[in-house]
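The opening position of the sequence shown corresponds to residue 185 in the working numbering, with each subsequent residue numbered one higher. Ideal placement from N, C-alpha and C gives every residue a C-beta, glycine not left out. Below you'll find the structure, written out as structure tokens, and then a few comments.
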Amino acid sequence: MLKNTQASWGIISRLFHWVIALMVVTLLTVGLIMTGMEPGAEKWKLYGLHKATGMTVLALVILRLFWRVFNPVPALPKGLSQWQMIAAYANIYFLYLLLFCMPLSGFIMSVFGGHDIDYFGLVTIKAVTQGQTPLGILSHAVHITLAYVIIGVVSLHVAAALYHQFYLKNNLLRRMITGKPL
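This is the structure we're talking about:
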């Protein structure tokens, strides 16, 4: 089924989830690797791929949010306490906010830091400035900080999914993988 129901995630929502998850894990890993690399052609090539992939994540997150508005969201598992429901929704909405702000901060960091963004050779977004600006510097600090916040929030998200799947045995993870109801 393409669309969500009250009991299960449709294929489109699941594809958004897993494609964005894979891209974010890759971006975080490559981002951490890039910061330790010596300046050179390989590093700048990785930066280019990192920026283009980040812009793709931004587009996918926006599309996912539009999709979410027009599709029901499956109910949380029965038996959750009030704090667990609040934590679940807070984690999800905070992730959406982070996954929007992270690539946006990277975009601002680049264009206000004197760097173009080449989107996989299809289009180039020109830098607004010739060199670094205070906004570019601030955006860099925000971008780095958000990377570590995302690592923490994603870790909580994964830990909660594993807790539900293997300790509570309520098949929450299976629902996001297969689309089968709880």
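Sort out for me which residues DSSP pairs residue i with in a bridge.
| i | result |
| --- | --- |
| Asp302 | Thr308 |
If you drop the 5 nearest sequence neighbours on each side, which residues of the same chain put their C-beta closer than 8 Å to that of residue i?
| i | result |
| --- | --- |
| Asn275 | Val337, Leu340, His341, Ala344 |
| Met207 | Thr237, Thr240, Val241, Leu244 |
| Gly363 | Met185, Ser192, Trp193, Gly194, Ile195, Arg198 |
| Leu211 | His234, Thr237, Gly238, Val241 |
So, under 8 Å CB-CB, residue i and residue j are touching, yes? Tell me the CB distance rounded to an integer number of Å.
| i | j | result |
| --- | --- | --- |
| Gln349 | Ala259 | That pair is no contact at about 17 Å. |
| Asp300 | Lys310 | 5 Å |
| Leu356 | Leu366 | 7 Å |
| Ser294 | Lys235 | 6 Å |
Whose C-beta lies closer than 6 Å to the C-beta of residue i among residues of the same chain, with five residues either side of it excluded?
| i | result |
| --- | --- |
| Thr317 | Phe296 |
| Ser197 | Asn188 |
| Thr308 | Asp300, Asp302 |
Only counting the same chain, and skipping five residues up and downstream in sequence, which positions put a Cβ closer than 7 Å to that of residue i?
| i | result |
| --- | --- |
| Leu282 | Leu330, Val333, Ile334, Val337 |
| Leu249 | Tyr280 |
| His201 | Met360 |
| Lys227 | Met218, Met221 |
| Cys285 | Leu330 |
Taking only beta-carbon atoms, is residue i less than 9 Å away from chain B?
| i | result |
| --- | --- |
| Cys285 | Of the chains in the structure shown, none is chain B; there is only one protein chain. |
Take the Cβ of residue i as the centre, count every other Cβ of all protein chains shown within 10 Å, and call the residue buried at 16 or more, exposed below.
| i | result |
| --- | --- |
| Pro223 | exposed |
| Met269 | exposed |
| Pro256 | exposed |
| Val209 | exposed |
| Met185 | exposed |
| Gly290 | buried |
| Tyr231 | buried |
| Ile246 | exposed |
Please indicate yes or no: does the CB of residue i lie closer than 8 Å to some heavy atom of the ligand GDP?
| i | result |
| --- | --- |
| Leu282 | Annotation note on the ligand GDP: not contained in the displayed structure, which lists no ligands. |
Legend entry - Inside the region 190-233 only - alpha helix (DSSP H) runs reaching at least 4 residues: Fully enclosed alpha helix (DSSP H) runs of 4 or longer: 195-219.
Legend entry - Runs of beta strand (DSSP E) wholly within the region 276-357 (minimum 3 residues, chain order): Qualifying beta strand (DSSP E) stretches, in chain order: 301-303, 307-309.
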